[in-house]
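Q:
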Amino acid sequence: MNFLRGVMGGPSAGPQPSGAETIQKLCDRVASSTLLDDRRDAVRALKSLSKKYRLEVGIQAMEHLIHVLQTDRSDSEIIGYALDTLYNVISNDLEEEEQEENLPKQVDNLGSQFTEIFIKQQENVTLLLTLVEEFDFHVRWPGVKLLTSLLKQQGPQVQQIILVSPMGVSRLMDLLADSREVIRNDGVLLLQQLTKSNAAIQKIVAFENAFERLLDIITEEGNSDGGIVVEDCLLLLQNLLKNNNSNQNFFKEGSYIQRMKPWFEVGDDNCGWSAQKVTNLHLMLQLVRVLVSPTNPPGATSSCQKAMFHCGLLQQLCTILMATGVPADILTETINTVSEVIRGCQMNQDYFASVNAPSNPPRPAIVVLLMSMVNERQPFVLRCAVLYCFQCFLYKNQKGQGEIVSTLLPSTIDGSSVSAGQLLCGGLFSTDSLSNWCAAVALAHALQENATLKEQLLRVQLATSIGNPPVSLLQQCTNILSQGSKVQTRVGLLMLLCTWLSNCSIAVTHFLHNPANVPFLTGQIAENLGEEEQLVQGLCALLLGISIYYNDNSLENYRKEKLKQLIEKRIGRENFIEKLGFISKHELYSRAAQKPQPSFSSPDHMMFDHEFTKLVKELEGVISKAIYKSSEEDKKEEEVKKTLEQHDNIVTHYKKVIREQDQELEELKQRINTLTSQNEQLQATVTQQVSQIQQHKDQYNLLKVQLGKDTQHHNSHSDTFQMNGIQVEEVSKLKEELEEWKNKHELLQVQLREKDSMIEKLKSSQLEMGTTEQSSQTSKSGGLEHNSELQELEMLRSQIQLQSAEISKLQMENQKLQVMNTAADPVSGGSGATAVNSSELEGRLQQEIRELKSEVKALSEEKESLKQHLDSSSSTVAILQDEKSKLQQEVAESKKEQDDLLVLLADQDQKLSALKIKLKDLGVPVEDEDDIESGDQADEDEDGDEEEQD
Numbered sequence: 000m001n002f003l004r005g006v007m008g009g010p011s012a013g014p015q016p017s018g019a020e021t022i023q024k025l026c027d028r029v030a031s032s033t034l035l036d037d038r039r040d041a042v043r044a045l046k047s048l049s050k051k052y053r054l055e056v057g058i059q060a061m062e063h064l065i066h067v068l069q070t071d072r073s074d075s076e077i078i079g080y081a082l083d084t085l086y087n088v089i090s091n092d093l094e095e096e097e098q099e100e101n102l103p104k105q106v107d108n109l110g111s112q113f114t115e116i117f118i119k120q121q122e123n124v125t126l127l128l129t130l131v132e133e134f135d136f137h138v139r140w141p142g143v144k145l146l147t148s149l150l151k152q153q154g155p156q157v158q159q160i161i162l163v164s165p166m167g168v169s170r171l172m173d174l175l176a177d178s179r180e181v182i183r184n185d186g187v188l189l190l191q192q193l194t195k196s197n198a199a200i201q202k203i204v205a206f207e208n209a210f211e212r213l214l215d216i217i218t219e220e221g222n223s224d225g226g227i228v229v230e231d232c233l234l235l236l237q238n239l240l241k242n243n244n245s246n247q248n249f250f251k252e253g254s255y256i257q258r259m260k261p262w263f264e265v266g267d268d269n270c271g272w273s274a275q276k277v278t279n280l281h282l283m284l285q286l287v288r289v290l291v292s293p294t295n296p297p298g299a300t301s302s303c304q305k306a307m308f309h310c311g312l313l314q315q316l317c318t319i320l321m322a323t324g325v326p327a328d329i330l331t332e333t334i335n336t337v338s339e340v341i342r343g344c345q346m347n348q349d350y351f352a353s354v355n356a357p358s359n360p361p362r363p364a365i366v367v368l369l370m371s372m373v374n375e376r377q378p379f380v381l382r383c384a385v386l387y388c389f390q391c392f393l394y395k396n397q398k399g400q401g402e403i404v405s406t407l408l409p410s411t412i413d414g415s416s417v418s419a420g421q422l423l424c425g426g427l428f429s430t431d432s433l434s435n436w437c438a439a440v441a442l443a444h445a446l447q448e449n450a451t452l453k454e455q456l457l458r459v460q461l462a463t464s465i466g467n468p469p470v471s472l473l474q475q476c477t478n479i480l481s482q483g484s485k486v487q488t489r490v491g492l493l494m495l496l497c498t499w500l501s502n503c504s505i506a507v508t509h510f511l512h513n514p515a516n517v518p519f520l521t522g523q524i525a526e527n528l529g530e531e532e533q534l535v536q537g538l539c540a541l542l543l544g545i546s547i548y549y550n551d552n553s554l555e556n557y558r559k560e561k562l563k564q565l566i567e568k569r570i571g572r573e574n575f576i577e578k579l580g581f582i583s584k585h586e587l588y589s590r591a592a593q594k595p596q597p598s599f600s601s602p603d604h605m606m607f608d609h610e611f612t613k614l615v616k617e618l619e620g621v622i623s624k625a626i627y628k629s630s631e632e633d634k635k636e637e638e639v640k641k642t643l644e645q646h647d648n649i650v651t652h653y654k655k656v657i658r659e660q661d662q663e664l665e666e667l668k669q670r671i672n673t674l675t676s677q678n679e680q681l682q683a684t685v686t687q688q689v690s691q692i693q694q695h696k697d698q699y700n701l702l703k704v705q706l707g708k709d710t711q712h713h714n715s716h717s718d719t720f721q722m723n724g725i726q727v728e729e730v731s732k733l734k735e736e737l738e739e740w741k742n743k744h745e746l747l748q749v750q751l752r753e754k755d756s757m758i759e760k761l762k763s764s765q766l767e768m769g770t771t772e773q774s775s776q777t778s779k780s781g782g783l784e785h786n787s788e789l790q791e792l793e794m795l796r797s798q799i800q801l802q803s804a805e806i807s808k809l810q811m812e813n814q815k816l817q818v819m820n821t822a823a824d825p826v827s828g829g830s831g832a833t834a835v836n837s838s839e840l841e842g843r844l845q846q847e848i849r850e851l852k853s854e855v856k857a858l859s860e861e862k863e864s865l866k867q868h869l870d871s872s873s874s875t876v877a878i879l880q881d882e883k884s885k886l887q888q889e890v891a892e893s894k895k896e897q898d899d900l901l902v903l904l905a906d907q908d909q910k911l912s913a914l915k916i917k918l919k920d921l922g923v924p925v926e927d928e929d930d931i932e933s934g935d936q937a938d939e940d941e942d943g944d945e946e947e948q949d
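Its first residue numbered 0, the sequence shown is counted upward by one per residue in numbering that gives the first Met the number 0.
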């Protein structure tokens with residue numbers, strides 16, 4: 000900084016140089032110095048002087064600063080100083096110190112002029128966009144501030160330069176993603192200026208994902224509880240959405256409406272709201288209104304209204320509406336927001352009609368709001384908001400209109416609670432003129448474009464005082480009108496009467512039936528009153544004109560021609576038309592015609608309703624023509640009307656016929672669509688069934704193959720069974736043989752016992768023979784006299800021989816059982832030989848007995864083995880029988896499945912034939928299977944022929 004002391008002068012120097020000279024020397028230093036440090040110090044000095052000597056720095060240093068931005072981009076510090084200096088020069092924001100010192104302000108357009116110089120070369124803005132891309136805080140932040148200031152001074156020109164710059168808007172959108180909150184927040188301010196009144200840039204910013212980023216910032220900052228950053232984001236969102244149908248549709252299609260619901264979640268304790276929260280919530284409500292504004296295209300508005308209902312946003316707004324402790328301006332804006340969310344949307348209007356206030360007993364929200372509207376102690380803006388809400392509730396809502404009017408009819412009046420109709424009547428006849436006007440306009444909206452309710456309202460009777468008969472609501476309105484009340488009250492009543500009588504001949508007849516009404520109107524119109532009364536005169540002229548134009552000539556004294564003559568005699572046609580023109584020429588009429596929401600600076604300016612201005616515009620011309628028509632023209636007009644009525648009847652008839660035909664056409668179209676869908680379904684079913692049939696055929700063929708295998712298996716089992724039969728026969732033979740062996744064994748045992756008994760007899764006989772021989776030897780000497788004993792001996796011998804023969808016979812029969820090798824010798828004479836033979840015979844018999852016992856034992860063992868073999872054979876037979884039964888069951892089941900498949904195939908063939916018949920009836924070409932098979936056969940034949948030729 001030593002050179003600064005030399006430039007700006009130190010204590011030892013001579014006269015102090017002026018600021019311009021110092022700035023000139025600094026500029027020369029910036030331009031001529033070769034050292035970067037010197038240039039950096041000079042730019043820093045210019046920055047410090049730029050606030051106090053803004054004009055001089057701007058004039059002398061701007062070119063050098065721009066050159067620094069171009070050449071010294073490698074040094075972020077000098078770039079930052081240069082950008083800060085340019086910002087101080089271009090920005091019109093004065094420092095608080097300057098304001099306190101009351102220094103003379105610079106020219107208002109000084110910043111604009113410097114901006115114009117800077118942007119004259121478009122490369123400067125492009126260079127600035129490049130610098131904003133730098134991540135260095137000391138470069139990016141002052142660049143953002145400078146670009147914001149340029150947009151404030153020369154917005155459209157800078158917008159156009161950025162728009163044509165490659166990726167210009169996209170570069171700036173990156174600021175919202177910067178992690179440094181200072182840059183991000185200033186980036187939001189920059190985008191606010193960039194998107195002002197430029198639909199093209201608004202679309203680019205929106206499609207660069209601005210909605211997502213801004214909503215994320217709002218959520219991070221705490222929604223309505225956030226600080227000024229939330230306010231800046233909401234202002235930017237308003238810039239992007241207001242009067243931009245493309246962005247509104249993108250916002251709705253992106254499901255961003257659903258993300259607005261948490262903004263309006265307020266707690267039960269609503270006291271002590273900060274000013275910033277009030278501001279944030281106010282902007283949030285305005286953003287909702289931007290999406291559903293009546294000036295938007297009806298389709299876009301309707302879709303946003305439905306989205307707000309489905310996501311619960313309308314319900315949340317109604318919660319705020321009925322909450323306690325909400326600040327008055329937030330409550331007013333919430334009422335206006337709810338009004339536009341339900342306006343013209345039947346679904347939302349029905350929901351609003353069902354909302355109840357948290358009171359005891361609960362009351363409908365409409366009744367609570369009307370109580371505020373007719374209460375003169377409530378704020379004016381709140382009463383206007385309630386009126387607008389009531390108008391929006393009834394807009395294109397015949398159901399709601401009927402519910403309001405029904406509360407006035409005698410058959411539906413409930414004395415236990417206050418109804419909407421009673422509140423309107425109370426406001427209509429109160430002493431407060433603003434309540435009179437609001438109630439009259441509200442009741443007029445209940446009759447808007449609804450001839451049926453206009454006729455029903457004629458039945459309403461009012462009790463004026465005790466002892467007097469009740470009077471109709473129509474008569475009471477004319478009575479108050481004739482009493483000379485305030486202008487605002489009379490204007491409201493006249494608007495109600497004009498709306499009531501328009502397009503309702505019965506109401507006109509009731510109005511003319513009172514003989515005092517027409518003289519009152521003509522008297523009001525004919526008088527020359529002041530400017531305040533001119534509006535009342537114009538409305539009286541309109542009411543009288545409606546009584547003429549919609550007169551059905553049912554009253555002889557008040558036919559159209561007589562009323563016209565009365566006007567011509569007492570008022571004059573020209574004067575009447577002039578008074579009628581007072582309405583549309585009035586300043587308050589022009590204000591009311593601009594938008595549906597009633598917005599008045601003061602209660603005195605509350606004269607006209609938006610919907611009524613439409614009625615005036617519609618009727619003013621036709622009434623003027625009707626006044627000038629003669630009786631002949633009226634007759635012709637009546638004839639033309641009759642002809643037109645007939646024509647209208649014919650047209651109505653044809654419209655009805657066309658409507659019926661359209662309905663039939665729609666029904667036929669629906670039937671065609673239904674038949675087409677059925678056809679498609681049937682075709683799909685046919686395709687599916689064909690595939691199923693093919694599957695069934697494949698399964699059938701597979702079952703046939705399996706059945707063949709099962710048959711072979713069955714045959715093999717039957718062979719096995721036959722083999723088993725052979726085994727059974729063998730077993731039976733074995734059993735028979737066993738039985739034979741048993742019998743033989745028993746027979747042998749019997750014979751053995753007999754032989755044992757015979758042996759015992761032989762032993763005893765041998766003993767007797769021994770004694771006989773001894774006696775014979777002793778008696779030989781006495782002679783041969785004992786012949787009887789010898790005979791007896793011979794008999795015994797013969798018996799022994801017989802027994803020996805039998806024994807030999809038994810031995811012959813049992814050769815298998817080790818028969819004896821030799822037979823017994825015949826018995827010889829002599830007792831010694833007989834004894835020897837007997838002993839030998841006994842030994843042989845014992846040996847034979849032993850052999851027989853061993854054979855019996857062997858036979859018993861063989862019997863046991865045969866028994867075991869028989870048992871195993873029996874178990875084998877049982878197993879084979881079980882397998883046979885299982886095989887028989889499987890064969891039966893396979894036969895049953897085969898039969899079911901055949902039945903299913905028959906059903907499928909029947910369904911296919913039925914479906915083909917239906918398809919043929921529908922005109923769809925269907926080939927028969929015979930044709931297809933013949934075609935396939937022909938194709939195969941052709942293929943065969945071709946192969947033979949090859």
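All C-beta atoms in this analysis are idealised placements derived from N, C-alpha and C, irrespective of residue type, glycine included.
1. So, under 8 Å CB-CB, Tyr557 and Ala625 are touching, yes? Tell me the CB distance rounded to an integer number of Å.
2. What does the alpha-carbon distance come out to for the pair Thr673 and Ala443?
3. What residues in its chain sit with their C-beta under 7 Å from that of Gln377, if we drop five residues either side in the sequence?
4. Per DSSP, what kind of secondary structure is Arg342 in: helix, strand or coil?
5. Just to confirm, are Glu375 and Asp431 a CB contact at a threshold of 8 Å?
6. The alpha helix (DSSP H) spanning Glu402 covers which residue range?
7. In three-state terms, what does DSSP make of Val470?
8. Whose C-beta lies closer than 6 Å to the C-beta of Ser223 among residues of the same chain, with five residues either side of it excluded?
9. At 4 residues or longer, and completely inside the stretch 535-599: list those alpha helix (DSSP H) runs for me, N to C.
10. Below 7 Å CB to CB, which residues in the same chain sit around Ser302 once its five sequence neighbours on both sides are set aside?
11. So Leu189 and Thr147 are supposed to be a Cβ contact under 8 Å. How far apart are they, rounded?
12. Apart from the five residues just before and just after Cys437, which ones in its own chain have a Cβ nearer than 6 Å to its Cβ?
13. Within a Cβ cutoff of 7 Å, which residues of the same chain sit near Glu95, ignoring the five residues on either side of it in sequence?
14. I need the DSSP call for Ala957, collapsed to helix, strand or coil.
15. What number of angstroms, rounded off, separates the C-alpha of Thr684 from the C-alpha of Val902?
16. Exposed or buried, Thr463, counting other C-beta atoms within 10 Å across all chains shown (16 or more means buried)?
17. Within the same chain, show all residues whose beta-carbon is closer than 6 Å to that of Gln705, passing over the 5 residues directly before and after it, in chain order.
18. So what's Gln750 in DSSP terms, helix, strand or just coil?
19. Here's the rule: buried if 16 or more other CB atoms are within 10 angstroms of the residue's CB, otherwise exposed. What is Arg288?
20. Considering Cα atoms alone, identify which of Ile116, Leu543, Thr218, Arg342 is closest to Leu54.
21. When the distance is taken between beta carbons, is Val138 closer than 8 Å to Ser75?
22. Does the stretch 561-580 come close enough to the stretch 641-652 to have 3 or more Cβ pairs within less than 8 Å?
23. How big is the Cα-Cα spacing for Asn359 and Ser416?
24. Following the continuous alpha helix (DSSP H) through Arg258, name the residue where it begins and the one where it ends.
25. Hey, would you say the C-beta of Ile319 is under 7 Å away from at least one heavy atom of the ligand SAM?
26. Quick test of your reading: Leu282 and Leu233, contact by CB under 8 Å. State the CB separation rounded to the nearest angstrom.
27. In three-state DSSP terms, what is Leu461?
28. Helix, strand or coil: how does DSSP classify Arg179 here?
29. Have a look at Glu220, Val163, Leu461 and flag the residue whose alpha-carbon is nearest the alpha-carbon of Phe428.
30. CA-CA distance, Ala950 and Thr508?
31. Can you look up Arg288 in the DSSP assignment and give me helix, strand or coil?
32. On a Cα-Cα basis, can you pick out the residue from Glu555, Gln596, Ala306 that is closest to Thr331?
33. Hey, quick one: how far does the alpha helix (DSSP H) through Cys383 stretch, first residue to last?
A: Considering the structure as presented:
1. For the purposes of this step, residue 557 is taken as the residue at position 558 of the sequence shown. For the purposes of this step, residue 625 is taken as the residue at position 626 of the sequence shown. Incorrect: roughly 15 Å between the Cβ atoms, too far for contact.
2. Working through the sequence shown from its first residue, we reach residue 673 at position 674. Working through the sequence shown from its first residue, we reach residue 443 at position 444. Looking at the two C-alpha atoms, the distance is approximately 47 Å.
3. Against the sequence shown, residue 377 aligns to sequence position 378. Ser371.
4. Locating residue 342 in the sequence shown gives position 343, where the first residue counts as 1. It is coil, neither helix nor strand.
5. Position 376 of the sequence shown, counting from 1, holds the residue named residue 375. Position 432 of the sequence shown, counting from 1, holds the residue named residue 431. It is a contact, given that the beta carbons lie within the stated cut-off.
6. To locate residue 402, count along the sequence shown from 1; it is residue 403. Looking at the DSSP string, the run of the alpha helix (DSSP H) that includes Glu402 is 397-405.
7. On the sequence shown, position 471 is the one that residue 470 refers to. DSSP places Val470 in strand when its eight states are reduced to three.
8. Position 224 of the sequence shown, counted from the start, is the residue given in the question as residue 223. Cβ within range, chain order: Trp262, Lys276, Asn279, Leu280.
9. 559-569, 572-579, 581-584, 586-591
10. Residue mapping note: residue 302 aligns to position 303 of the sequence shown, counting from 1. Closer than 7 Å at the Cβ level, and outside the excluded window around Ser302, lie Lys251.
11. Locating residue 189 in the sequence shown gives position 190, where the first residue counts as 1. Locating residue 147 in the sequence shown gives position 148, where the first residue counts as 1. Indeed they touch by this definition, with Cβ atoms about 5 Å apart.
12. As a working mapping, residue 437 is identified with position 438 in the sequence shown. Correct list, in chain order: Met372, Leu386.
13. Reading the sequence shown from its first residue, position 96 is the one you call residue 95. Note that Glu95 has pLDDT 41, beneath the 50 cutoff, so the model's placement of it is unreliable and the number below is only indicative. Result list for Glu95: empty, nothing under 7 Å.
14. Outside the shown range of the chain, which is 0 to 949, sits residue 957, and nothing can be said about it.
15. Along the sequence shown, one-based indexing puts residue 684 at 685. Along the sequence shown, one-based indexing puts residue 902 at 903. Going from the Cα of Thr684 to the Cα of Val902 covers about 19 Å.
16. What you label residue 463 is simply residue 464 of the sequence shown in a count that begins at 1. Answer is exposed; the Cβ neighbour count stays below 16.
17. Taking the sequence shown and counting its residues from 1, one reaches residue 705 at position 706. Nothing listed; no residue qualifies.
18. Translated into positions along the sequence shown, residue 750 becomes position 751. It is helical.
19. Locating residue 288 in the sequence shown gives position 289, counting from the first residue. Label assigned to Arg288: buried.
20. Looking up residue 54 in the sequence shown gives position 55. The shortest C-alpha separation from Leu54 is found at Ile116.
21. Working through the sequence shown from its first residue, we reach residue 75 at position 76. Working through the sequence shown from its first residue, we reach residue 138 at position 139. Yes, they are a contact pair.
22. no
23. One-based indexing of the sequence shown puts residue 359 at position 360. One-based indexing of the sequence shown puts residue 416 at position 417. Cα-Cα distance, rounded: 12 Å.
24. Translated into the one-based positions of the sequence shown, residue 258 becomes position 259. Unbroken run through Arg258: none, as it is neither H nor E.
25. In the structure on display, the ligand SAM does not appear, and there are no ligands present to speak of.
26. Counted from its first residue, the sequence shown places residue 282 at position 283. Counted from its first residue, the sequence shown places residue 233 at position 234. Right, their Cβ atoms sit about 4 Å apart.
27. Numbered from 1 along the sequence shown, position 462 holds the residue referred to as residue 461. Looking at Leu461 - three-state DSSP - the assignment turns out to be strand.
28. Translated into the one-based positions of the sequence shown, residue 179 becomes position 180. Three-state DSSP puts Arg179 in coil, outside helix and strand.
29. Here residue 428 corresponds to residue number 429 of the sequence shown, with the count starting at 1. The residue with the shortest Cα to Cα distance from Phe428 is Leu461.
30. One cannot answer for residue 950 here, as it falls past the ends of the chain, which runs 0 to 949.
31. For the purposes of this step, residue 288 is identified with residue 289 of the sequence shown, where counting begins at 1. Helix.
32. Looking up residue 331 in the sequence shown gives position 332. Taking only the C-alpha atoms, the option nearest Thr331 is Gln596.
33. Locating residue 383 in the sequence shown gives position 384, where the first residue counts as 1. Here the alpha helix (DSSP H) through Cys383 covers 379-393.
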